[in-house]
Amino acid sequence: MLQMRPLPSVVRFTKILGKVAKLKHYSAVISLYNQMGVSRIGHDVCTLTILINCYCHLNQMGLSLSVWGKFFKLGLEPNVFTFNTLINGFLLENRVVQAAGIFNKMIAGGNCQPNVVTYGTLVKGFCMKGNNRAAIQLLKKMEEGACKPDLVVYNTIIDSLCKDTLVDDALNLFSEMMCKGVAPNVITYTSLIHGVCKLGGWKEAIRLLNEMVSKNIYPNVRTFSVLVDTLCKEGMAVEAEGVVEMMIERDIQPDTVTYSSLMDCFCLRGETGKAKKIFGLMLSKGLMVNVVSYSTLINGYCKRKMMDEAMMLLREMSRKGLVPNTVTYNILVDGYCKVGKLGDAQKLFSEMQAYGQLPDVQTYAILLDGLCKN
DNA sequence: CTCGACCACG
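Numbers 32 to 405, taken from the numbering used here, label the letters of the first sequence in order.
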């Protein structure tokens, strides 16, 4: 497209950026944008909004704001998408004050009023802060006002309540939502199933599964992964494997998350051999193995005090371009502490910082515990 | 052509 003459319009380029962004390849979008030779092709409100959204998802709010500045330099008017994107970006980084600032700018501006996505984003922000009460308060305001909550807003709160094991509240809200004529979808049911499973409500989970299918809403890979994970955490490895087989029979392909749950299951039972086999299966199926998959397996070896194998995996993931994170290092530091190799633990503690992975409160708790017990 | 909701690791 860059070599075509005349050059395709900015809209045609932006359509592609939008598609790539939808696939969550945010860095790719930025590099494509940079290759566009922006001055010749130009950019419009959509292009810049996509770009802001990519920086938001990469936790680069500084760069998001520099794109935001371009609007004014170019005399472009940010629209409701742009405002919503920025608010979401700040909330993702827990910067509530800045998010509120953008929200106020939006209202003050006059030509761009908050919509259901704006309020839904704020609801999510409250939920992320653990403030379900405020989220529900805002929901009530929406129900009474002109901007009625939609399925996404209800799902956000239902999921948050489930995560806080307030499943009864979630089920009540679920009924309320349906009374108001908002129909649930697979996401609603997956959150609820997750919630009841966490409380050991297997019967209730089966009831919800039957109910959703009776409404022609079908469980997907995420729904099944929740079931697999719950069975695993209950130590029911055989049953978990059974669910995975059921998925394959139904032509729902287990993904990286499904298999990582299963790996964790075997790791917790000390069956690292079986876990490693699943890891190999993932690779042979061409599934992405990511930092979490590696960390899960590393955790398995650490728990069995097999530190050499764990370290080999750490080096292997780095060779593949995967960046071990704080959780990965915490697992390993804990492993070394537990086998009494405090020197190695401290070496990793330095290494993680050298690689820009900052220790968190858990890292220090692990090290303190290790030092005290030795 | 642009925004918000569901699954795995310490």
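In this text, a Cβ means the ideal position worked out from N, Cα and C, and glycines have one as well.
Judged by DSSP secondary structure, N330 falls within the alpha helix (DSSP H) whose first and last residues are V322 to K334. Cα atoms of D190 and N241: separation of roughly 20 Å, rounded to the nearest angstrom. Rounded to the nearest angstrom, the gap between the Cα atoms of K179 and M267 is 43 Å. Cβ atoms of Y386 and L353 stay farther apart than 8 Å, at about 12 Å.
A straight line joining the alpha-carbon of F112 with that of Y367 spans about 48 Å. For the pair N115 and V148, the CB atoms are nearer than the 8 Å cut-off.
Shortest Cα-Cα distance from K53 to any of S70, I81 and G68 involves I81. In the structure shown, the three-state DSSP call for T196 is coil. With at least 16 other beta carbons inside 10 angstroms of its own, C85 counts as buried. Going by DSSP, C178 is part of no alpha helix (DSSP H) at all; its letter is neither H nor E.
Looking at the backbone, the Cα of V275 and that of K307 are separated by about 17 Å. By the Cβ rule, the segment 55-62 does not count as touching the segment 33-43, because fewer than three pairs are nearer than 8 Å.
By the beta-carbon neighbour count (other beta carbons within 10 angstroms, threshold 16), I397 is buried.
In this structure, V370 keeps its C-beta atom at 8 Å or more from the C-beta atom of T394.
The straight-line gap separating the alpha-carbon atoms of T261 and Y290 is approximately 13 Å.
In the displayed model, G141 falls within coil according to three-state DSSP, outside both helix and strand.
For the segment 58-83, there is no continuous beta strand (DSSP E) assignment of 3+ residues that stays within its boundaries. For M337 and L123, the gap between their C-alpha atoms comes out near 37 Å.
Annotated three-state conformation of L353 is coil, per DSSP.
Between L79 and K101 a beta carbon distance of about 6 Å is seen, short of the 8 Å cut, so the two are scored as contacting. About 5 Å separates the CB atoms of V217 and I248; that is less than 8 Å, so the two are in contact. Pairing L223 with L239 gives a Cβ-Cβ distance under 8 Å.
In this model, Y150 and L344 are separated by some 44 Å (Cα to Cα).
G120 sits buried, since 16 or more C-beta atoms from the chains shown fall within 10 Å of its C-beta.
In the structure shown, the three-state DSSP call for V213 is coil.
For D181, same chain residues with a beta-carbon under 8 Å away, outside a window of 5 residues either side, are V147, G151 and V213 in chain order. For the 8 Å CB-CB criterion, M208 and Y185 form a contact.
When the beta-carbon positions are compared, P355 and Q388 come within less than 8 Å of each other. Taking a 10 Å sphere around the C-beta of A130, we find 16 or more other C-beta atoms and assign the residue as buried. In the DSSP assignment, K101 falls within the unbroken alpha helix (DSSP H) covering M92 to K104.
DSSP, reduced to helix, strand and coil, places D286 outside both helices and strands of the structure shown, so it counts as coil. Proximity to L230 across L293, L96, D199 and L107 peaks at D199, based on C-alpha coordinates. Taking a C-beta distance under 8 Å as the contact criterion, V183 and L169 do not qualify as a contact pair. The alpha-carbon separation between V392 and D375 amounts to approximately 20 Å. Assignment of L54 by DSSP, reduced to helix, strand and coil, places it in the coil class.
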